[in-house]
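Everything in the sequence shown is counted per the working numbering, starting at 17 for the first residue and increasing by one. Backbone N, C-alpha and C define an ideal beta-carbon position, used for all residues, glycine too. Quantities reported herein were computed from a predicted structural model and do not represent experimental measurements. Notes follow once the structure below has been shown.
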Amino acid sequence: MPVVFRLLSVFPLWFLHALGAALGWVAFCASPTYRRRFRAHSALAGYPFRAVRAAVAHAGRMVAELPRLWLGAPLSCHLEGESCVERAYAAGRGIVFLSPHQGCFEIVVQAIAQRWGAEHGPITALYRPARQAWLAKLMETARNRPGVLLLPTTLAGVRQMIRALRRGEAVGLLPDQVPPQGQGQWTPFFGRDAYTMTLAVRLAQQTGAAIVLARCERLAWGRGFVTYFEPLAQPLSAPLEAAVLQINQAMEYLIRQCPGQYLWGYGRYKPPRAVPPSSAGVDA
Numbered sequence: 017m018p019v020v021f022r023l024l025s026v027f028p029l030w031f032l033h034a035l036g037a038a039l040g041w042v043a044f045c046a047s048p049t050y051r052r053r054f055r056a057h058s059a060l061a062g063y064p065f066r067a068v069r070a071a072v073a074h075a076g077r078m079v080a081e082l083p084r085l086w087l088g089a090p091l092s093c094h095l096e097g098e099s100c101v102e103r104a105y106a107a108g109r110g111i112v113f114l115s116p117h118q119g120c121f122e123i124v125v126q127a128i129a130q131r132w133g134a135e136h137g138p139i140t141a142l143y144r145p146a147r148q149a150w151l152a153k154l155m156e157t158a159r160n161r162p163g164v165l166l167l168p169t170t171l172a173g174v175r176q177m178i179r180a181l182r183r184g185e186a187v188g189l190l191p192d193q194v195p196p197q198g199q200g201q202w203t204p205f206f207g208r209d210a211y212t213m214t215l216a217v218r219l220a221q222q223t224g225a226a227i228v229l230a231r232c233e234r235l236a237w238g239r240g241f242v243t244y245f246e247p248l249a250q251p252l253s254a255p256l257e258a259a260v261l262q263i264n265q266a267m268e269y270l271i272r273q274c275p276g277q278y279l280w281g282y283g284r285y286k287p288p289r290a291v292p293p294s295s296a297g298v299d300a
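Below you can see the structure in the form of structure tokens.
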């Protein structure tokens, strides 16, 4: 598998996206559970299948483009709303970038690092190490590109995030990802309670960092990506419960900008997994 992964990293993006689109539909047709989840989640948000069917292919593209993103030459990513990010950096309190599972969220971190890393320091993000040894090693090395610092989801990793924000640097999170037990709260997401991380809110409240929303869209025919930045519509609420709901509503807003590239098949409403002892207190 490592050899195949490295081989795919040299292929052009249009080929990987074509391959991924086919694999996305194969997975959709082969898995009744995936199909039911995809249809149920998109219907919950008010979308008939015909309105979001493109997301089936985009889920496959997300997987197929990873070799190129991790091991290949940098890909083109146009940025919209840079002035929003510039103002946030100028405030000097750091930035919490929030992105949903939409489009190529992997390249958002790379694009931020390429554009602002040299001037404002690296962007720090957390990741859950893979179970496969080869993939875990690859994630630990290949994803740490210049200006990007990836840390495992542990208490030590969160502490480094806090220190980065206090230095005026940036961190990135996917707030629509289900956190482990004890690190979130049940909050409505498209009208249904979903276990939602409180880490994003706590980081912003503890450090005074600005929150910047980021969403990325794939361009057709492998022409690259566009990442859009904008501030949170309203200042973050003080009560934790209200602030977490506010973040969920912001993610809903971003998803509705391009529902055809959201991962509707992700298990957003699943119960949280038990937290390992090494990660206890990550979101405390």
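- For A107, same chain residues with a beta-carbon under 8 Å away, outside a window of 5 residues either side, are A226 in chain order.
- Note: T212 is bridge-paired with Q201 in the DSSP secondary-structure output.
- If you draw a straight line from the Cα of N264 to the Cα of L270, it is about 10 Å long.
- C45 carries a helical assignment under DSSP once its states are collapsed to helix, strand and coil.
- Annotated three-state conformation of V228 is strand, per DSSP.
- For P204, the CB contacts under 7 Å within the same chain, skipping 5 residues up- and downstream, are L261 and N264 in chain order.
- The stretch 184-197 makes no contact with the stretch 79-99; the number of CB pairs closer than 8 Å stays below 3.
- Setting aside the 5 residues that flank it on each side, Y285 is surrounded in the same chain by R208 and A210, each with a C-beta closer than 7 Å to its C-beta; the list follows chain order.
- Below 8 Å, enough C-beta pairs join the stretch 89-103 and the stretch 245-253 to call them touching: three or more.
- For the stretch 114-141, the continuous alpha helix (DSSP H) assignments of 4+ residues that do not extend past its boundaries occur at 121-136, in sequence order.
- Segment contact: the stretch 33-45 against the stretch 63-74, three or more CB-CB distances shorter than 8 Å; contact assigned.
- With a beta-carbon spacing of about 26 Å, Q148 and Y278 fall beyond the 8 Å limit used to define contacts.
- The Cβ neighbour count for S47, taken over all protein chains shown within 10 Å, is under 16; the residue is labelled exposed.
- Taking S92 as the centre and dropping the five residues before and after it, the same chain places the C-beta of G240 closer than 6 Å to its C-beta, in chain order.
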